[in-house]
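For the sequence shown, full-length UniProt numbering assigns the number 1 to the initial residue and increments by one for each residue that follows.
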Amino acid sequence: MSDNQNLLAEQRRALILDEVRRRGGVRVNELTRRLRVSDMTIRRDLDALARLGVVEKVHGGAVPVAEASSYEPGFEVKSALELTAKEDIARAAAPMAAPGSAVALAGGTTAYVLAKQLVEVPDLTVVTNSVRVAEVFYGAQRSAPGGGSRPRPGAATVVLTGGVRTPSDTLVGPVADAAIRFLHFDVLFLGVHGISVEAGLSTPNLAEAETNRQFVRSARRVVVLADHTKWGTVGLSSFASLDQVDAMVTDAGLPERARVEIAEHLPELIVATAADGTADN
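Dropping the structure here:
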């Protein structure tokens, strides 16, 4: 299968998942007409989404999986969701990291995608509690001329906090909190499980909530990275209110009514467009 076919499948499954969540269920025959693909293709898409644990197959279609506010999917599951949106968000957010600045990347799959963009920004100091994010920067150093035995000029200085590892490969707990508490960042890039007017930023993991609070307190500028599916979602524990957020970067799938509501509560909303990396403010 070509890369283009893979991309089309990922986009199609994202559309199906949006439809399932919006309507509370879908039928195979409706999806075949709407997406103009075969019955077999839709059934394979539903099988893939069911394996990720985000839909439940029923006779003739699928329904959403009811998620408790304390449910936290693993990194691999989250990585497979809204991949195109995360890439658009990462391209729009990357220019916010100025060369030579100190940035923090809290754990999450969108921060992981952003890290791949930031490896080209010279002289960054990167503090992260994400094992996957740290691996992106270490991998870039190893692939540089010289085999990674000596950091390339301008390579990022990476500080990985200690802590207890969560299902999303994020390090949390007292060790991580202590490492972050006395640091100061020019900008924090923060992925979230959910964001809403009432609950602010939230996560299903109590220890991660406290670590995220430390990140927010230590940052001069807080930038939330959240695809359109995160708006209106509420996790078990809130860790920041919207008035603590300086900017939100999201994707073009965010409905207009949500954009208006967010703009009323945040100083800056950036809606990333397609793969050219441009954005609407």
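All residues carry an ideal CB built from backbone N, CA and C; glycine is no exception.
Beta-bridge pairing of I195 - partner residues as DSSP gives them
As a first step, residue 195 is located in the sequence shown; it is residue number 195 there, counting from the start. When beta bridges are read from the DSSP output, I195 appears opposite L201, W231.
Same chain only: Cβ atoms within 6 Å of L269, ignoring 5 sequence neighbours per side:
The residue given as residue 269 occupies position 269 in the sequence shown. Excluding positions up to five away in sequence, the list reads M248, I262, A263.
Can you give me the C-alpha to C-alpha distance between residue 342 and S168, rounded to a whole angstrom?
Given a span of 1 to 281 for the chain in the structure shown, any question on residue 342 remains unanswerable.
Between the beta-carbon of D88 and the beta-carbon of T273, is there less than 8 Å?
The residue you call residue 88 lines up with position 88 of the sequence shown. The residue you call residue 273 lines up with position 273 of the sequence shown. Yes. Within cutoff.
Let me know if T205 comes out buried or exposed under the rule of 16 or more other beta-carbons within 10 Å of its beta-carbon.
The sequence position of residue 205 within the sequence shown is 205, counting from 1. The sequence shown places Asn at residue 205, rather than the Thr named in the question. It counts as buried.
Between which two residues does the beta strand (DSSP E) harbouring V58 extend?
Here residue 58 refers to the residue found at position 58 when the sequence shown is read from its first residue. Run containing V58: 55 to 58, per the beta strand (DSSP E) assignment.
Identify which residue in L124, D18, R221, E210 has its Cα closest to the Cα of L236.
Sequence index remark: in the sequence shown, residue 236 carries index 236 (1-based). Answer by Cα proximity: E210.
Could you say if the stretch 131 to 141 and the stretch 92 to 102 meet the contact criterion of at least three C-beta pairs nearer than 8 Å?
no
Could you compute how far the alpha carbon of A93 sits from the alpha carbon of F185?
As a position in the sequence shown, residue 93 is number 93, starting the count at 1. As a position in the sequence shown, residue 185 is number 185, starting the count at 1. Roughly 16 Å between the two C-alpha positions.
Reduced DSSP secondary structure (H/G/I, E/B, other) of D186:
On the sequence shown, residue 186 is found 186 positions in, with the first residue counted as 1. Of the three classes helix, strand and coil, the one that applies to D186 here is coil, per DSSP.
Once the 5 residues before and after V131 are set aside, which same chain residues still bring their CB inside 6 Å of it?
On the sequence shown, position 131 is the one that residue 131 refers to. Only D169 meet the Cβ criterion.
Could you work out which residue in T157, K116, V127 is closest to L105 when comparing CA atoms only?
As a first step, residue 105 is located in the sequence shown; it is residue number 105 there, counting from the start. Closest option to L105, Cα to Cα, is V127.
Which residues DSSP lists as bridging G61, in chain order
As a first step, residue 61 must be located in the sequence shown, where it is residue number 61. R27, V58, per the DSSP bridge assignment.
I need the boundaries of the beta strand (DSSP E) containing V222, first residue and last residue.
Stepping through the sequence shown from its first residue, residue 222 is reached at position 222. Run containing V222: 222 to 225, per the beta strand (DSSP E) assignment.
Starting from the Cα of A252, find the closest Cα among H265, H228, S238, D243 and give me that residue.
The count along the sequence shown starts at 1 and reaches residue 252 at position 252. Comparing Cα-Cα distances from A252 to each of H265, H228, S238, D243, the minimum goes to H228.
The ligand PLP and R91: does the residue's C-beta get closer than 7 Å to at least one heavy atom of that ligand?
Absence of the ligand PLP from the depicted structure is noted, as is the absence of any ligand whatsoever, leaving it without description.
Range of the contiguous beta strand (DSSP E) that encloses M96
The sequence position of residue 96 within the sequence shown is 96, counting from 1. If you look at M96, you'll find it isn't in any beta strand (DSSP E); DSSP assigns it neither H nor E.
Excluding five sequence neighbours on each side, which residues of the same chain lie with their C-beta closer than 7 Å to the C-beta of A111?
The residue you call residue 111 lines up with position 111 of the sequence shown. Closer than 7 Å at Cβ, skipping near neighbours: L105, S130, V133, F189, G191, L225.
Beta-bridge pairing of T157 - partner residues as DSSP gives them
If you number the sequence shown from 1, residue 157 lands on position 157. Bridge partners of T157: T125.
At the level of alpha carbons, what is the spacing between G107 and V113?
Your numbering for residue 107 matches position 107 in the sequence shown. Your numbering for residue 113 matches position 113 in the sequence shown. C-alpha separation (whole angstroms): 11 Å.
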